[in-house]
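K.L.:
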Amino acid sequence: MAGLTNYQIFAADDIYVLSQGSLPSTATSSQTSSARITAVLSAAGYTGATSLTASPTATLGAYTIESGTNVNAYINRIQQAEQGRIFCSRANVLTAQARIGTTLTAPTVNFSDSGNTPYDNIVVEFDQQTVINNANVTIESGGTLQNASNASSISEYFTQTEAITDSLLSTNAQAATLASYLLNPLPEPRFTSVSTTFASLTDVQKTALAPIEIGDTISATKTFASGTPLSVQQNLAVEGIDHVIDVNTGHRMTLWTSPTVIVYAFVLDDPIYGLIGITDPQPVLG
Numbered sequence: 039m040a041g042l043t044n045y046q047i048f049a050a051d052d053i054y055v056l057s058q059g060s061l062p063s064t065a066t067s068s069q070t071s072s073a074r075i076t077a078v079l080s081a082a083g084y085t086g087a088t089s090l091t092a093s094p095t096a097t098l099g100a101y102t103i104e105s106g107t108n109v110n111a112y113i114n115r116i117q118q119a120e121q122g123r124i125f126c127s128r129a130n131v132l133t134a135q136a137r138i139g140t141t142l143t144a145p146t147v148n149f150s151d152s153g154n155t156p157y158d159n160i161v162v163e164f165d166q167q168t169v170i171n172n173a174n175v176t177i178e179s180g181g182t183l184q185n186a187s188n189a190s191s192i193s194e195y196f197t198q199t200e201a202i203t204d205s206l207l208s209t210n211a212q213a214a215t216l217a218s219y220l221l222n223p224l225p226e227p228r229f230t231s232v233s234t235t236f237a238s239l240t241d242v243q244k245t246a247l248a249p250i251e252i253g254d255t256i257s258a259t260k261t262f263a264s265g266t267p268l269s270v271q272q273n274l275a276v277e278g279i280d281h282v283i284d285v286n287t288g289h290r291m292t293l294w295t296s297p298t299v300i301v302y303a304f305v306l307d308d309p310i311y312g313l314i315g316i317t318d319p320q321p322v323l324g
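Laid out in structure tokens, this is it:
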């Protein structure tokens, strides 16, 4: 169409700022991963907004940070020990979340190829690239190698190792727990991304989709013309978000995902007597 011009806009959040900074020689104490992030940001002179988890999993050791250490590189080492998420939110708030596991958060958007929020592309991966059947973790100072492995997976897929040789974790016991956490012995079909165009959505669907943040939960369902099963539904955690606005195709949103498990709260009908299916129990007359 004549008269239309394409524009490209590039922006950077505070992760870029941190990647350009360095730390002075800094002594640390044994502290949680979120407390270490706070100490590192203070030493770096960072003044941006933060949202740090109140209940991290990892406790880090009292290891001195060498002068000249890149700020973002060190924060990535904290993330390596915690195995959570560290990112800048939509509002450019530096956010740290605890070790990824199950979630109590129900899906905010339900994608489907037949009803619910429609998608026009979903990527399904089924290969052994994500298999980890041997994990070695050694803490930075004075530790011994901690190993976790899965013999049946090694027999099926050969040895595929994840090794962390300088973990910031404080104890060998924590290193052993992390090694076990890192194991992913079996390849399983997984939805790794889902895409949709805003032009295909209702106003209600747009309103639900637009504010999605990293760490939120969504679900996706894919149906098949034949085979077993005929439909696959997965609960997914959002790990990345991509927006592309094009004069020809409009606004496209892609969510990069990982599988997650939702633990639904079980609430008894009656808070006093705790009887299932009875909200107003009658007294027993004798």
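In terms of my numbering, the sequence shown opens at residue 39 and continues consecutively.
From the three backbone atoms N, C-alpha and C, an ideal C-beta is built for every residue, glycine too.
1) With a threshold of 8 Å on Cβ separation, who are the neighbours of Thr230 within its own chain once the five nearest residues in sequence on each side are excluded?
2) So what's Arg115 in DSSP terms, helix, strand or just coil?
3) Drop a sphere of 10 angstroms on the beta-carbon of Ile283, count the other beta-carbons inside from all chains shown, and report buried for 16 or more, exposed for fewer.
4) Can you check the stretch 91 to 167 for any beta strand (DSSP E) of at least 3 residues that lies completely inside it and give the ranges in chain order?
5) Compute the beta-carbon to beta-carbon distance between Ser208 and Leu98, rounded to the nearest angstrom, for a pair I have assumed lies under 8 Å.
6) Please report the Cβ distance between Gln117 and Ile138, rounded to the nearest whole angstrom; I am assuming they are in contact, meaning their Cβ atoms lie under 8 Å.
7) Just to confirm the assignment: which complete beta strand (DSSP E) runs, minimum length 3, are found wholly within the stretch 182 to 270?
8) Are Asn188 and Asn172 close, meaning C-beta to C-beta below 9 Å?
9) Does Ile53 come out as helix, strand or coil in the three-state DSSP assignment?
10) Just to check my reading of the structure: Ala96 and Ala129 have Cβ atoms closer than 8 Å, yes? What is that Cβ distance to the nearest angstrom?
11) Less than 9 Å separating the beta-carbons of Leu132 and Ser89?
12) Where do the N-terminal and C-terminal ends of the alpha helix (DSSP H) with Thr76 fall, by residue?
13) For Ala275 versus Thr141, is the C-beta distance shorter than 9 Å?
14) I think Leu183 touches Arg115, with their Cβ atoms under 8 Å apart; what is that distance to the nearest whole Å?
15) So, with DSSP's three-state summary, where would you put Pro297?
16) Bridge partners of Ile177, per DSSP?
17) Tell whether a beta-carbon distance below 9 Å holds between Phe125 and Thr259.
18) Residues in its own chain within less than 8 Å of Ser257 by CB, not counting five upstream and five downstream?
19) Have a look at Asn108 and Ala213 and give me their C-alpha separation to the nearest angstrom.
20) Which partner residues of Ser60 appear in the DSSP bridge assignment?
21) What would DSSP say about Ser89, mapped onto helix, strand or coil?
22) Using a 10 Å radius around the Cβ and a threshold of 16 neighbouring Cβ atoms, would you call Tyr45 buried or exposed?
P.N.:
Working from what's here:
1) So the list reads Val161, Val162, Glu163, Trp294, Thr295 and Ser296, once near-sequence residues are dropped.
2) When DSSP states are grouped into helix, strand and coil, Arg115 belongs to the helix group.
3) Exposure of Ile283 is indicated by the presence of fewer than 16 other C-beta atoms within 10 angstroms of its C-beta.
4) If we require 3 residues or more, the beta strand (DSSP E) runs fully inside the stretch 91 to 167 come out as 123 to 126, 132 to 135, 147 to 150 and 159 to 163.
5) Contact between Ser208 and Leu98 is confirmed by a C-beta separation of about 6 Å, below the 8 Å threshold.
6) No, Gln117 and Ile138 are not in contact; Cβ-Cβ is about 11 Å, not under 8 Å.
7) Entirely contained in the stretch 182 to 270, the beta strand (DSSP E) runs reaching 3 residues are, in chain order, 184 to 187, 199 to 205, 228 to 235 and 255 to 261.
8) Their beta carbons are under 9 Å apart, which means Asn188 touches Asn172 by this criterion.
9) Of the three classes helix, strand and coil, the one that applies to Ile53 here is helix, per DSSP.
10) In this structure Ala96 is not in contact with Ala129, their Cβ atoms being roughly 26 Å apart against a cut-off of 8 Å.
11) In contact: Leu132 and Ser89 (Cβ atoms closer than 9 Å).
12) It spans Ser71 to Ala82 - the alpha helix (DSSP H) in which Thr76 sits, taken as one unbroken run.
13) With respect to the 9 Å criterion, Ala275 and Thr141 are classified as neighbours on the basis of their beta carbons.
14) With 8 Å as the limit, Leu183 and Arg115 do not qualify as a contact, their Cβ atoms being about 18 Å apart.
15) The three-state reading of DSSP puts Pro297 in strand, counting E and B together.
16) In the DSSP output, where bridge partners are listed per residue, Ile177 has Ser205.
17) Against a cut-off of 9 Å, the Cβ pair of Thr259 and Phe125 comes out as no contact.
18) Pro145, Val147, Asn148, Phe149, Gln271, Gln272, Asn273 and Leu274, listed in sequence order.
19) Going from the Cα of Asn108 to the Cα of Ala213 covers about 24 Å.
20) Bridge partners of Ser60: Asn108.
21) Assignment of Ser89 by DSSP, reduced to helix, strand and coil, places it in the strand class.
22) It is exposed - the Cβ of Tyr45 has fewer than 16 other Cβ atoms within 10 Å.
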